[in-house]
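I have placed the structure first, in the form of structure tokens, so that the comments after it can refer back to it.
4 protein chains.
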Amino acid sequence: MKRRIRMGMVGGGPGAFIGGVHRMAARLDNKIELVCGAFSSNAEKSKLMSDELFLDPDRVYGSYWEMFSAEARLPVGERMDFVSIVTPNFAHFEVAKAALEHGFHVVCDKPMTMTVAEAKVLAALVDKTKLEFCLTHNYTGYPMVKQAKEMIAAGKLGAIRKVVSEYPQGWLATSLESQKQVWRTDPAKSGISCCIGDIGTHAENIAEYVTGLKIAELCADLTSFVPGRTLDDDGNILVRFDNGARGVIYASQVSVGEENALNIRVYGDKGGLEWSQQEPNTLIVKWNDRPSEIYRTGWAGNGENAGRNTRTPAGHPEGFIEAFANLYSNFADVVAARLDNVDPAKIRRDFPGVHDGVRGVAFIQNVVDSSDAHGWVKFTL
Amino acid sequence: MKRRIRMGMVGGGPGAFIGGVHRMAARLDNKIELVCGAFSSNAEKSKLMSDELFLDPDRVYGSYWEMFSAEARLPVGERMDFVSIVTPNFAHFEVAKAALEHGFHVVCDKPMTMTVAEAKVLAALVDKTKLEFCLTHNYTGYPMVKQAKEMIAAGKLGAIRKVVSEYPQGWLATSLESQKQVWRTDPAKSGISCCIGDIGTHAENIAEYVTGLKIAELCADLTSFVPGRTLDDDGNILVRFDNGARGVIYASQVSVGEENALNIRVYGDKGGLEWSQQEPNTLIVKWNDRPSEIYRTGWAGNGENAGRNTRTPAGHPEGFIEAFANLYSNFADVVAARLDNVDPAKIRRDFPGVHDGVRGVAFIQNVVDSSDAHGWVKFTL
Amino acid sequence: MKRRIRMGMVGGGPGAFIGGVHRMAARLDNKIELVCGAFSSNAEKSKLMSDELFLDPDRVYGSYWEMFSAEARLPVGERMDFVSIVTPNFAHFEVAKAALEHGFHVVCDKPMTMTVAEAKVLAALVDKTKLEFCLTHNYTGYPMVKQAKEMIAAGKLGAIRKVVSEYPQGWLATSLESQKQVWRTDPAKSGISCCIGDIGTHAENIAEYVTGLKIAELCADLTSFVPGRTLDDDGNILVRFDNGARGVIYASQVSVGEENALNIRVYGDKGGLEWSQQEPNTLIVKWNDRPSEIYRTGWAGNGENAGRNTRTPAGHPEGFIEAFANLYSNFADVVAARLDNVDPAKIRRDFPGVHDGVRGVAFIQNVVDSSDAHGWVKFTL
Amino acid sequence: MKRRIRMGMVGGGPGAFIGGVHRMAARLDNKIELVCGAFSSNAEKSKLMSDELFLDPDRVYGSYWEMFSAEARLPVGERMDFVSIVTPNFAHFEVAKAALEHGFHVVCDKPMTMTVAEAKVLAALVDKTKLEFCLTHNYTGYPMVKQAKEMIAAGKLGAIRKVVSEYPQGWLATSLESQKQVWRTDPAKSGISCCIGDIGTHAENIAEYVTGLKIAELCADLTSFVPGRTLDDDGNILVRFDNGARGVIYASQVSVGEENALNIRVYGDKGGLEWSQQEPNTLIVKWNDRPSEIYRTGWAGNGENAGRNTRTPAGHPEGFIEAFANLYSNFADVVAARLDNVDPAKIRRDFPGVHDGVRGVAFIQNVVDSSDAHGWVKFTL
């Protein structure tokens, strides 16, 4: 019998953008039901969401701690199966840690924690409890990103030599510090980096995800262009991968006119490829000895995992929410498998996990260290 | 207090593509709850969907007639508020007619009916009952299509002179008649046209929607290229609009390599514009005296309706399902307003209606007539 | 020993755009030397070009008649080998006829003549004299257009079913009749059509060139949108080809914001292709069963004729002038072969000829006839 | 009276690609006449070019030294006015130096010399002799590159913060060392760098040309990926400019499937822009508060210099050869002005000069130094 997984949410109260995205993503495939939440550190605001989301008011809690305690007392089959954490960065660690300690599976927004030490604590806890943990590096959910990964893993491009991963945005080109997004540029809430923490980690994650390589050394140049801003709003990084491949990763929030222009190019000794988030259903695969090819979401010849993460035939554009939903869908399948005592390995669902989170937080730390030292650093976890 | 609208579904049983799309679209914004269905003309198959969709088995019915009767007996607030009709074309009329007669609002897939006479019956019934009727010309749900419409309505492009609307696909380039899609090429189920009925009506609808013009005269050339096929798989049409504008509409299912390449170009005496469904978040607006402009979904300066039909900031691609969901969302808002005794006109939601459906069916009839006569025909309803 | 061919020019005096383009095209490959000209019907203006073009003043003539007479008296090896005719349309016929009668090979701008009768006279004269005649349908000079032709001729796309050829411009969207381009909209100088005569014939020619098919029947709808204009500035045409293929050809000079957006799409029962003049070095080839392919000018695997008409390796964009120069280069090679008593067939150079010109003028006539009759016409020469 | 400038050429013998490009570029606008050459270090091969190029055999010389001596003895008005140097890199210095010492203006291919010391010698000689010197950084000849420069110089983008300049190619992804291009990967002929010397300098030059900024500091990572190759075939570079702007420059010859994909993005505090060499007639200009704009070659509203370097109206693509020809055309205008005793400053023609050449060679040296040191270096001349 099919089952729907029960979700609780921490964060995502009135006006929060990313909370709504998570809820749409969780809802899309009808595999997940939102059953409870602690939507705001302000209990009044949290309660407002009961009407908004058609939730039982008794299950809209004033704090995540209260929620975990109360839900843990409910019987399996009624209580939430996992929690989705969509708070600002600084709260991820304590909420995720508490959730794991209460025995709940976790979906957590990125970057996972404020420090590498915290990240390692979570990783150790996940390894110990064997609970499922999904970090929402949502861009890896796009079918064509999975197609790229599958082609590289199958050796189609040969040995990888060069990786270029970019994430330019323009929205912080002028001072928005007096406005609502302030938390991203506030070290107390965002951590040691704004630009690299918020979007540079996506560029790093997609590079490692698609290639299967790990960054081994890097040299970063962070800048804070907008007067009065303390954290970086732009960063350029040379990288070397563990197999000897070289590359460039950059992220920017002051690239005026850019929206969310994450893109990646990978070159091996046989072929190359190129993908852009803003036109996500196209993957250009490049060769020296024959014409470049245009792979498209929904094509029957795509790889198994690309195909599994596609909802419609080719030509029906799948977007940001669908990619995000793929993480939730895959996570739900794995949690359902465990509830049904099926080995999750058998169903081959993939989503970013806690160890990707450790690498992401370490990437931020290494980038800041390199930029401060004005030179190359070995990538350390 | 917020409310969720209750949906029943007719059609969309095991394996049906479009039924699943409708359900995802209805689900995305959490404004609609699926409460019942008659998913197949085969009662056994219909019942299978109860588990699939986590529905009360008592509300999964063996026939639409049974569903309408049973639901009509339930109290408001429990019974379905509207029905979504996702059957093959031939059944739309009888189901929609019965739904309206039972007092239910209707969402219906296109083309609305098999004949113009049937279409007029439905229109008269809607006009008489004042029930809400949404025809799922889903491509009008894209934010950039609404932006195009708003700019033209505001006179930004001047008087419209030329419209080109194309919908090429390639999937019927070879004979699939022995396969499951057979109903589309079967006159008994699909009607007097395959290509124009299935996708040509979308091209017609988007042209009239975006420009606000009506086709007044047309000259069509339909072809059935694949041996053994009785209905058209390609059609080219010259059109004249009621304001004197001229244009071309074409649809094809034998354009090898094309996926779902609906696109429209409109030129007025001041400006032009271009939109393509496969990259739906970009609208190119063209001028003779200054550079072309790239309008993008999510830009803060977009029109009110474009903005209302957008979920995420610029750079987060919204796709086919989101556009489809916009129809359901707008329809749900209108039905909710009526349940709350609010005048729907006040909330300015738009979706294609029963009179668009009459025009669509008449378009198919006029096109077939013109092609048969090998000459121009005045557009008659 | 290599030789340069000697060119005379009729038209292209001070301020004429297309004359300068012809001269750059003739000059680019160093196969042709401009030796004389009658650049204007105004002898004074013609003489001004002697200094401009570094020509012997004695060979800048006051009229084409004077030029042909004088040059014909010079010995071969000194006199011009061919004449390039770049006058407004109305003068093409008399100049070309005189040139042929004086024994000169001809390069002539399009449309070839004002009437089909004139066109046939020229064709008969060319057939009789066996002189070389090149009509500058310059867009067929692009390497990727030749690649498209070669792939279709080799059967790569299968039997051709559908052809869409468009040529939208916007420059005549407002009245320019008081300005210098007036001759194009003046029936006395331009003929029975403005838009179809000027650019529609390019769309027709490229469709027939690329596919190898001939238009057999058509239905046209011409409009003159700008008040006070007597000739068409927009035309939409349904076409049927001699093999049963169907298609659409349209041209427009009132498509605001369009520059010179000639493009063609062709679909056979195996594959499709798409080419756009404004990005001329890319040819998209489309398949149902594998990814679309991006063919590019300069790729080593292109066809023989595409390769021969390319000057630089892939990635060095070749443009409008290079395509135009390909016509001159191929024509020069053929004239040189004849001067060297080599059979031109052996060197396999291609350029549009006098019979393409007859078809082009007949196309204009058939389109005007069809539009006037408001119905289909069989294509008659 | 108009005049044509007389050109001699050194290098560009049988089979040389770039020599032919220079000759087409010099020929296109009819401002330059090739009158003599020393086309090969092999006198026999050089002589073969007399027939090929329709040159007086007496002026096809066995060596550049012989040419400079002989031509210097001819009267002005007959002798060559300037020399175009298109030899492999290692010979640029000695030929250019000799030309300047003989009083000839110079057009020289890039990189200018093998060492910074040599570059400075040439610069000093140019400064002393006041002869004209054009270094063929041909990509700066594109109209849209000039448009970008003009918009930035006019402050349209505000203070520049970020520059990304890339030049990926794929042709050296496998070993071609046994083939004809061997000289590029041979340190004796190419200098201390292959990839950065050949194409990285273009990326550096266009970045400095478009922005008007100078690189002040850099950190480079060069790699030689192909086994057996001694010079770099890939390089990634972080840069800091003299105004505090940051950026990335990279070049690659192992990016499989890339042709000649030079591109640049620049972001100021008001706007951004993007240009790609392979589609050179489009410049995207980006804003945060209004739609991005598509500037196009040939638009009447382009800047003065962009307009001057354009031959045809918008929509007639201008390509690589036209851009290259713009350097020759501007250079010829300046030389002609000097022959006419007109101050070249008055005619405002621009082309890259000897000091750009010094910076280019210094860039190569700084990049190699930084890569060797595995860290940042201050940019030193």
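Chains as they are written, first to last, in the working numbering: chain A, 1 to 381; chain B, 382 to 762; chain C, 763 to 1143; chain D, 1144 to 1524.
We put the CB at the ideal spot given by N, CA and C, even for glycine.
All figures in this text were calculated on a predicted structure; none of them were measured in a lab.
Quick check on A407(B): does DSSP put it in helix, strand or coil?
Position 26 of the second sequence, counted from the first residue, corresponds to residue 407(B). Three-state DSSP puts A407(B) in a helix.
So that I know if they touch, is there some Cβ in chain A lying closer than 8 Å to that of L409(B)?
The sequence position of residue 409(B) within the second sequence is 28, counting from 1. Cβ-Cβ to chain A under 8 Å: yes for L409(B).
L1365(D) bridges to which residues according to DSSP?
Your numbering for residue 1365(D) matches position 222 in the fourth sequence. G1378(D), per the DSSP bridge assignment.
Of all the residues that make up the region 1099-1128 of chain C, which are near chain D by a beta-carbon distance shorter than 7 Å?
Within the region 1099-1128 of chain C, no residue qualifies.
Of the residues H355(A), F331(A) and L218(A), which one's Cα is nearest the Cα of A345(A)?
Residue 345(A) sits at position 345 when you count from the first residue of the first sequence. When each option's Cα is compared against that of A345(A), the closest is F331(A).
What would DSSP say about L1191(D), mapped onto helix, strand or coil?
The residue you call residue 1191(D) lines up with position 48 of the fourth sequence. The three-state reading of DSSP puts L1191(D) in helix, counting H, G and I together.
Collapsed DSSP secondary structure at F1236(D) in the structure displayed:
Start at 1 with the first residue of the fourth sequence, and residue 1236(D) comes out as number 93. Residue state, collapsed to three classes: helix.
So who's on the other strand from S165(A), going by DSSP bridges?
One-based indexing of the first sequence puts residue 165(A) at position 165. According to DSSP, which records beta bridges pairwise, S165(A) is partnered with I249(A) and I264(A).
Could you tell me the alpha carbon to alpha carbon distance between M7(A) and P111(A), rounded to whole angstroms?
Taking the first residue of the first sequence as 1, we reach residue 7(A) at position 7. Taking the first residue of the first sequence as 1, we reach residue 111(A) at position 111. Whole-angstrom Cα-Cα distance: 21 Å.
Separation of V210(A) from L157(A), as counted between CA atoms:
Start at 1 with the first residue of the first sequence, and residue 157(A) comes out as number 157. Start at 1 with the first residue of the first sequence, and residue 210(A) comes out as number 210. A direct Cα-to-Cα measurement between L157(A) and V210(A) gives close to 12 Å.
Shorter than 8 Å from the beta carbon of W183(A) to some beta carbon of chain C?
In the first sequence, residue 183(A) corresponds to position 183, counting from 1. Cβ-Cβ to chain C under 8 Å: no for W183(A).
Using a Cβ-Cβ cutoff of 7 Å, what residues of the region 1350-1379 of chain D are near chain A? List them in chain order.
Within the region 1350-1379 of chain D, the residues whose Cβ lies closer than 7 Å to some Cβ of chain A are C1362, D1364, T1366, F1368, D1377 and N1379, listed in chain order.
Just the C-alpha distance for K1048(C) and Y548(B), rounded to the nearest angstrom, thanks.
Start at 1 with the first residue of the third sequence, and residue 1048(C) comes out as number 286. Start at 1 with the first residue of the second sequence, and residue 548(B) comes out as number 167. Cα to Cα, the separation comes out at about 16 Å.
Of the residues Y328(A), G298(A) and N326(A), which one's Cα is nearest the Cα of H316(A)?
As a working mapping, residue 316(A) is identified with position 316 in the first sequence. Ranking Y328(A), G298(A) and N326(A) by Cα distance to H316(A) puts G298(A) first.
In or out: V838(C) buried (at least 16 other Cβ within 10 Å) or exposed?
By one-based count along the third sequence, residue 838(C) stands at place 76. When all chains shown are included, V838(C) counts as exposed.
For G974(C), which residues of its own chain have a beta-carbon under 8 Å away from its beta-carbon, when the five flanking residues on both sides are left out?
As a position in the third sequence, residue 974(C) is number 212, starting the count at 1. These residues qualify, in order along the chain: K911, I914 and A915.
Tell me which same chain residues have a C-beta within less than 7 Å of the C-beta of A314(A), skipping the five on either side of it?
Counting from one through the first sequence, the residue named residue 314(A) turns up at place 314. Counting only Cβ-Cβ distances below 7 Å, and skipping sequence neighbours, we find R296, T297, G298 and W299.
Would you say H1245(D) lies against chain A (beta-carbon separation less than 8 Å)?
Residue mapping note: residue 1245(D) aligns to position 102 of the fourth sequence, counting from 1. The beta carbon of H1245(D) does not come within 8 Å of any beta carbon belonging to chain A, so the residue lies off that interface.
Find the nearest neighbour of R1502(D) within the set H1345(D), R1408(D), A1363(D) and A1331(D), judged by alpha-carbon distance.
Within the fourth sequence, numbered from 1, the residue matching residue 1502(D) stands at position 359. Minimum Cα-Cα distance from R1502(D) among the listed residues H1345(D), R1408(D), A1363(D) and A1331(D) corresponds to H1345(D).
According to DSSP, is C417(B) helix, strand or coil?
Position 36 of the second sequence, counted from the first residue, corresponds to residue 417(B). Of the three classes helix, strand and coil, the one that applies to C417(B) here is strand, per DSSP.
Beta-carbon neighbours of T310(A), restricted to chain B and to distances below 7 Å:
The residue given as residue 310(A) occupies position 310 in the first sequence. In chain order: nothing, as chain B lies at least about 11 Å away.
Whole-angstrom C-beta distance between A1260(D) and V1497(D), which should lie under 8 Å
Taking the first residue of the fourth sequence as 1, we reach residue 1497(D) at position 354. Taking the first residue of the fourth sequence as 1, we reach residue 1260(D) at position 117. That pair is no contact at about 14 Å.
Taking only the alpha-carbon atoms, compute the straight-line gap between D1341(D) and R1327(D) and give it to the nearest angstrom.
The sequence position of residue 1341(D) within the fourth sequence is 198, counting from 1. The sequence position of residue 1327(D) within the fourth sequence is 184, counting from 1. Cα-Cα distance, rounded: 8 Å.
Three or more C-beta pairs under 8 Å: does that hold for the region 618-632 of chain B against the region 994-1012 of chain C?
Contact holds: three or more Cβ-Cβ distances are below 8 Å.
For I1083(C), tell me which candidate among T1142(C), F779(C) and Q931(C) has the shortest Cα-Cα distance.
Translated into the one-based positions of the third sequence, residue 1083(C) becomes position 321. The shortest C-alpha separation from I1083(C) is found at F779(C).
Quick one: any contact between the region 480-489 of chain B and the region 449-464 of chain B, if contact means 3 or more CB pairs under 8 Å?
The region 480-489 of chain B is in contact with the region 449-464 of chain B.
Y676(B) - partner residues in DSSP beta bridges:
By 1-based counting over the second sequence, the position of residue 676(B) is 295. Bridge pairing for Y676(B): L664(B) [DSSP].
Alpha helix (DSSP H) segment containing M1150(D), residue limits
Taking the fourth sequence and counting its residues from 1, one reaches residue 1150(D) at position 7. Looking at the DSSP string, M1150(D) is not in any alpha helix (DSSP H); the run it does join, the beta strand (DSSP E), is I1148 to V1153.
For chain D, is any of its Cβ atoms less than 8 Å away from the one on I577(B)?
Indexing the second sequence from 1 puts residue 577(B) at position 196. Residue contact with chain D for I577(B): absent (no Cβ-Cβ distance below 8 Å to any residue of chain D).
Strictly by DSSP, which residues pair up with L434(B)?
Start at 1 with the first residue of the second sequence, and residue 434(B) comes out as number 53. Per DSSP, none; premise fails for L434(B).
Looking at C-beta atoms only, is the number of pairs between the region 435-450 of chain B and the region 417-427 of chain B that lie closer than 8 Å three or more?
The region 435-450 of chain B makes contact with the region 417-427 of chain B, as at least three CB pairs between them are under 8 Å.
With 16 other Cβ atoms within 10 Å as the buried cut-off, status of I32(A):
As a working note, residue 32(A) is residue 32 in the first sequence. That one is buried.
Within 8 Å (strictly less), CB to CB, does V1306(D) reach chain A?
By one-based count along the fourth sequence, residue 1306(D) stands at place 163. Among the residues facing chain A, V1306(D) is not included, as its CB has no counterpart in that chain under 8 Å away.
Taking C-beta to C-beta, are G247(A) and A216(A) nearer than 8 Å?
Numbered from 1 along the first sequence, position 247 holds the residue referred to as residue 247(A). Numbered from 1 along the first sequence, position 216 holds the residue referred to as residue 216(A). Taking 8 Å as the cut-off, the beta carbon of G247(A) is found no closer than this to the beta carbon of A216(A).
Give a yes or no on whether 8 Å exceeds the smallest Cβ distance from P280(A) to chain C.
Position 280 of the first sequence holds residue 280(A). Judged by the 8 Å Cβ criterion, P280(A) is not in contact with chain C.
Three-state class that DSSP yields for E639(B) in the structure shown:
Here residue 639(B) is taken as the residue at index 258 of the second sequence, counted from 1. It is coil, neither helix nor strand.
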